[in-house]
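Below is one structure, written out as structure tokens; the observations come after it.
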Amino acid sequence: MNKLETKITHSGVQNHFKNTEPEQAIIELAWNGFDAKAKNVDIILTRSELDALQAVTVLDDGTGIDIDNIQDNFGKFNDSSKKDNVEQHGSRGRGRLAFHKLANKADWYTKNKFGKQARISINSIDLIQCPWIELQDTTQHLSLKNKNTGTCVELNEIFPKISIDNKQLIEKLSIEFGWFLALHDTHTLKLGSNVIKAPSHELFTHQILIDGHKFEVKLFLWDKKPTSEKSYIYLLNSYDKVVYKKLSSFNKKPDFYISIYIISKWADNFSTHDNDLLSEKPIYTPLSETWKKVESECTEFTRKIYNDFLKSIVEEKIAQFEKNGIFPDYKDILSIEQKEWRKENTKHLVRELYLADPKIFSNLNKKQQKIIIQLLDRLSISNENDGLIDIIENVLNLDQENTKKLAQQISKSKLEHIISTIEILQRRENVVHKLREIMNLHYKEVLETPDLQGIIENNTWLFGNAYETIGAEEDNFTKNAYSLRNKVPDIFRKVTQEDLDGENLDTEELEGIQRQVDLFLARKVPFVSPTGKKFFRCIIIEIKRPSIALNYTHLRQLDDYKRILQNHPEFSSENLYFELILIGRKISSSDTEIRGRINSLKNKLEPGLVTDDDRFKCYVKNWYSLLDEFDLINGYLLENLKTRRENLGNFSAKDLITDLHQESL
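So in the working numbering, spot 366 of the sequence shown is number 381, and the numbers just go up one at a time.
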């Protein structure tokens with residue numbers, strides 16, 4: 016029995032592996048096999064009838080352990096013969112001792128390329144003692160008897176609490192060894208009968224011709240980060256041997272996990288050792304001009320892949336932000352078009368920032384994400400938006416191209432905001448202009464349904480800013496409100512001469528007017544008051560046929576309808592607030608009651624208000640007042656825009672209504 020001690024204390028080994036998972040011990044032993052130039056590594060888990068883990072075997076066909084220099088590997092910890100070999104992946108003398116995280120006893124059976132055979136044993140109770148004995152063919156492990164070289168590691172006396180799931184171990188092995196197996200397609204790693212395959216990835220290839228030498232580039236983009244491998248660039252010679260490796264400049268890019276292999280016959284004469292420079296053959300080093308050119312072109316190739324990668328995941332990131340409610344809700348903006356523009360503008364800004372530096376949004380909780388994105392949203396359209404690019408440029412180390420893109424996006428934000436507002440106003444002015452023409456010249460021909468139905472439902476902004484968005488129809492509320500409206504006395508009475516405000520119509524025209532019907536819209540909308548109180552706005556709009564003039568009869572119907580709603584049990588909730596709006600082409604010239612009620616409530620500063628009673632407000636408005644309100648509110652902007660108005664005198668009612676349906680906002 017030959018004695019051997021590892022140069023570290025027992026407790027030192029234990030402390031080193033304090034946070035190591037049991038599966039990692041198996042991974043380290045598998046790496047040791049590939050480091051010994053094995054083409055095949057087999058992992059076998061032996062289980063009891065009750066599926067308890069009893070033993071672990073790791074078998075390889077590598078060159079075996081150098082028994083004559085055993086002190087250089089088993090006798091060292093954190094310093095082994097692998098340390099200067101770029102092809103080696105083991106833990107520099109550490110990995111073999113990780114076994115004590117899952118088993119009490121470990122035995123290494125080995126047969127090396129010099130014909131030497133041995134068994135090395137380590138016990139978990141004394142990790143620095145590594146006694147070994149030489150073996151003959153008759154005493155060698157059965158799994159090595161038919162192999163020229165190789166090592167078989169057996170872990171026995173597995174600790175009772177250890178539980179290793181095959182499926183999970185396969186996944187871990189795939190993530191750990193995937194990059195290695197993808198490069199070395201002649202190598203195999205198996206867990207039992209399961210061949211370990213490279214995990215999900217994309218492969219990109221590129222050919223480089225520099226100084227008359229060909230270089231083949233293979234870039235593997237991994238879906239998941241390899242467990243222990245960083246994003247390296249590997250240089251391989253024509254024998255597929257790694258002669259040099261260095262960290263890629265993309266190593267710490269979030270979620271961008273790559274392995275880059277550059278293969279060339281040029282690398283047959285590559286060396287990182289100074290003493291090789293005395294060789295008769297030309298020796299290339301990391302300082303060679305050819306290698307610098309190759310690295311530069313490889314970096315550009317990788318950058319293109321990285322930019323495409325960012326473009327693909329930024330959309331996922333934005334979708335996730337939207338799902339998590341990170342973007343502003345724009346509750347204070349009533350216009351649907353303005354809301355959509357603001358949201359898209361902020362998305363564009365987030366997109367450009369993410370492409371410039373993805374780390375900005377990394378490791379932030381939801382609250383922090385909200386603060387950053389909502390500040391970007393506000394600043395981008397403010398008078399201070401020029402300062403936003405200064406802040407970003409000072410904080411982030413951006414290249415010229417990304418700085419230019421961001422500056423363009425931020426500068427464009429304010430301009431687009433102005434243009435978007437102008438376009439909305441111009442389209443709305445066109446709607447107002449055409450409606451005014453209908454009310455002036457074609458009011459006798461217009462049928463409330465379907466002529467005005469689509470126009471009104473899609474242009475509720477006509478009734479004022481508070482009605483920009485009154486939501487979709489709610490069946491129960493609309494049906495009940497309409498049913499109660501039908502109980503109003505004289506609601507279905509025929510049009511009389513009094514309703515026509517002195518207009519003289521022939522029989523045919525009067526019959527046409529009788530066929531016109533009133534238009535009725537009812538919506539129930541959740542709302543939050545400035546004080547934070549939540550309630551429902553119940554908005555009911557009735558538009559009288561355009562040919563009649565509103566008078567005291569219609570006002571009485573409105574009052575009757577209010578009382579019916581007040582007395583109905585379903586509408587008695589303190590959380591329901593009603594707005595009843597009666598609209599006609601004009602108010603009768605002989606009417607005094609409507610005008611009197613409006614004048615008595617002028618101090619409320621609500622145009623057309625005729626009733627302000629607890630939870631109920633009633634309004635009487637005419638089309639001309641509504642159209643004038645739009646002109647008055649937006650007059651300054653419209654005047655400065657000098658919008659060209661069409662001459663609509665030659666258009667029919669049908670043409671105007673068709674246009675309005677197409678232009679509804």
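From the three backbone atoms N, C-alpha and C, an ideal C-beta is built for every residue, glycine too.
Let's test the definition: count the other Cβ atoms within 10 Å of the Cβ of residue i and tell me whether it reaches 16, buried, or not, exposed.
i           : result
residue 561 : buried
residue 67  : exposed
residue 324 : buried
residue 542 : exposed
residue 386 : exposed
residue 301 : exposed
residue 504 : exposed
residue 497 : exposed
residue 334 : exposed
residue 610 : exposed
residue 546 : exposed
residue 585 : exposed
residue 39  : buried
residue 157 : exposed
residue 62  : exposed
residue 176 : exposed
residue 615 : exposed
residue 174 : exposed
residue 337 : exposed
residue 362 : buried
residue 636 : buried
Whose C-beta lies closer than 6 Å to the C-beta of residue i among residues of the same chain, with five residues either side of it excluded?
i           : result
residue 632 : 594
residue 527 : Note on residue 527: pLDDT 47, under 50, position unreliable in the model; no value is reported.
residue 170 : 71, 114, 118 and 121
residue 556 : 536 and 596
residue 125 : 79, 80, 133 and 166
residue 183 : none
residue 35  : 113 and 116
residue 220 : 233
residue 42  : 191
Could you give the C-beta distance for residue i and residue j, rounded to a whole number, given that I count them as a contact under 8 Å?
i           : j           : result
residue 638 : residue 613 : The Cβ separation is near 16 Å, so there is no contact.
residue 58  : residue 206 : 5 Å
residue 211 : residue 188 : 5 Å
residue 241 : residue 272 : 7 Å
residue 193 : residue 237 : 7 Å
residue 608 : residue 570 : 6 Å
residue 453 : residue 558 : At roughly 13 Å, the Cβ-Cβ gap does not stay under 8 Å, so residue 453 and residue 558 are not in contact.
Do residue j and residue i come within 8 Å of each other at the CB atom, strictly closer than that value?
i           : j           : result
residue 456 : residue 579 : no
residue 234 : residue 246 : no
residue 622 : residue 640 : yes
residue 317 : residue 265 : yes
residue 17  : residue 148 : yes
residue 214 : residue 239 : yes
residue 47  : residue 111 : yes
residue 75  : residue 165 : yes
residue 590 : residue 550 : yes
residue 357 : residue 345 : yes
residue 477 : residue 649 : no
residue 51  : residue 77  : yes
residue 278 : residue 244 : no
residue 56  : residue 150 : no
residue 592 : residue 552 : yes
residue 687 : residue 567 : Because the chain in this structure spans residues 16 to 680, residue 687 falls outside the shown range and cannot be described.
With a threshold of 8 Å on Cβ separation, who are the neighbours of residue i within its own chain once the five nearest residues in sequence on each side are excluded?
i           : result
residue 181 : 60, 206, 207 and 209
residue 494 : none
residue 280 : 228, 229, 252 and 253
residue 216 : 193, 197, 235, 236, 237 and 238
Tell me which residues share the same chain as residue i and place their Cβ nearer than 7 Å to its Cβ, disregarding the 5 neighbours each side in the sequence.
i           : result
residue 389 : 343
residue 575 : 503 and 504
residue 642 : 447, 450 and 451
residue 525 : Confidence at residue 525 is low in this model, with a pLDDT of 47, below 50, so its placement is unreliable and the value that follows should be read with caution. Excluding residues within five positions, none has a Cβ falling inside 7 Å.
residue 366 : 329 and 333
residue 259 : 101, 250, 285, 287 and 301
Write down every uninterrupted run of the alpha helix (DSSP H) in the region 331 to 401 whose length is 4 residues or greater and which is fully enclosed by it, in chain order. 351 to 371 and 381 to 395
Quick check for students: name the residue ranges of the beta strand (DSSP E) that lie wholly in the region 135 to 163, counting only runs of 3 or more. 147 to 149
Enumerate, from N- to C-terminal direction, the unbroken beta strand (DSSP E) stretches of 3 or more residues contained entirely within the region 34 to 72. 55 to 62
Along the chain, which unbroken stretches of the beta strand (DSSP E) at least 3 residues long are found entirely within the region 573 to 628? 591 to 599 and 624 to 628
Which residue spans inside the region 160 to 224 form an unbroken alpha helix (DSSP H) run of at least 4? 181 to 198
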